[in-house]
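Per numbering that gives the first Met the number 0, residue 0 is the first one in the sequence shown, and the count goes up by one each step. Idealized CB from N, CA, C, for every residue including glycine.
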Amino acid sequence: MTVIGLGLMGRALAGAFLRAGHPTTVWNRTTSKADQLVAEGARLAPTVADALGAGSLTIICVTDYQAVYELLGASDGELDGKTLINLTSGDSTQAREAAQWAGQRGAHYLDGAIMAIPSAIGTAEAVILHSGPRPDFEAHRSTLDALGTVTYLGADQGLASLYDVAGLAMMWSVLNAWLQGTALLRTAGVDAATYAPFARQIAATVAEWLPGYAEQIDSGSFPAEVSALETDARAMAHLIEESETVGVNTELPKLFKSMADRSIAAGHGGEQYPVLIEEFSRPRKN
């Protein structure tokens, strides 16, 4: 197999394949980045065309999709019949366009997203998402398992990118909420380390609500089994007031409440919190 692009992540990917015993060819513009991999048994290809010709499976992990086109476009003939797995970060539109571009050149194309840091690659903690034709994924699954916990999402090549950004939305939202709470407690002399275990427990509890809330969203019915949105909005007002009183930034809690207020104004105050999916599902008017 071949790995094109040897940044920190690309080197981690190639290293995992080598440790699993897969013959691995690598290519990178700066050849010195391949030195350690070559010492571990990788073959350094002199050109991209040579790298593509080394096997039936190629993984590319570079800066952006434009770099993908620039590198592979000069070797169109070498893509015919190959399976190309693109682990370059991008959005779902770029992924679908790349799939069409690769298909026009005879390649089998899977798009992917890496939900891990380089040091986790090759362990169960590394989640690697793939989307595209299932037969193309299954044909190489045993090889891909060397990277970590490999997950197939569906035939739409844009799904991996969508899951990736959805995960980022979760990550930043949890971290921002924790920072808001940390800023509040610091005004009373409570340090972040003291608050962190409490915050972790809250996050775990909220995570347990997700399956039930997901059922409400998918059914389009939001009975207030736990709390009505108008009750949550009153608690949001308390959060804003407390933040103002102690001199902490109020942008985040005001954002929460502005969305809740719009939903309440639309007649959803007596429904449960997931009814806000309607606010998240429409673009904000400027």
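Bounding residues of the beta strand (DSSP E) (the contiguous stretch that carries residue i)
i          : result
residue 82 : 82-85
residue 1  : 1-3
residue 56 : 56-59
Local Cβ density within 10 Å of residue i, reported as buried at 16 or more and exposed below that
i           : result
residue 279 : exposed
residue 116 : exposed
residue 135 : buried
residue 82  : buried
residue 118 : exposed
residue 188 : exposed
residue 205 : exposed
residue 242 : buried
residue 245 : exposed
residue 248 : exposed
residue 107 : buried
residue 26  : buried
residue 283 : exposed
residue 179 : buried
residue 289 : Nothing can be reported for residue 289: it is not among the residues displayed for the chain, which extend from 0 to 285.
residue 31  : exposed
residue 218 : exposed
residue 281 : exposed
residue 222 : exposed
residue 213 : exposed
residue 53  : buried
One or two residues paired with residue i in a DSSP bridge
i          : result
residue 25 : 2 and 43
Element boundaries [alpha helix (DSSP H), containing residue i]
i           : result
residue 7   : 7-18
residue 313 : Since the displayed the chain opens at 0 and closes at 285, residue 313 lies outside it and no answer follows.
residue 205 : 191-218
residue 79  : No alpha helix (DSSP H) holds residue 79; DSSP gives it neither H nor E.
residue 237 : 228-245
residue 257 : 250-262
residue 37  : 34-38
residue 65  : 64-72
residue 278 : 276-279
Any non-hydrogen atom of the ligand SAM closer than 8 Å to residue i Cβ
i           : result
residue 126 : Only the bare structure without any ligand can be found here, which leaves the ligand SAM out of the picture.
(Q) Count Cβ pairs between the region 195-206 and the region 261-280 that sit closer than 8 Å; are there 3 or more? (A) They do not touch, by the three-pair rule.
Please go through the region 82-155 and give each complete alpha helix (DSSP H) segment of 4 or more residues, from N-terminal end onward.
Fully enclosed alpha helix (DSSP H) runs of no fewer than 4 residues occupy 91-103 and 133-143 of the region 82-155, in order along the chain.
Does the region 154-165 come into contact with the region 81-91, if we say contact requires no fewer than three beta-carbon pairs (one atom in each stretch) closer than 8 Å? At 8 Å Cβ cutoff, the stretches touch.
I want to know whether the region 36-52 touches the region 0-18 - three or more CB-CB distances under 8 Å. Output reads yes: the region 0-18 touches the region 36-52.
Exercise. With a cut-off of 8 Å, do at least 3 Cβ pairs link the region 251-265 to the region 221-234?
Worked result: Judged by Cβ distances under 8 Å, the region 251-265 makes contact with the region 221-234, as three or more pairs qualify.
message = Across the region 166-175 and the region 134-152, are there enough close Cβ pairs to call them in contact, namely three or more that are closer than 8 Å?
response = Contact between the region 166-175 and the region 134-152 is absent: fewer than 3 CB-CB pairs across the two stretches fall below 8 Å.
| query | Are the region 12-28 and the region 38-58 in contact at 8 Å, needing three or more beta carbon pairs? | reply | Yes: the two stretches touch, three or more of their Cβ pairs being nearer than 8 Å.
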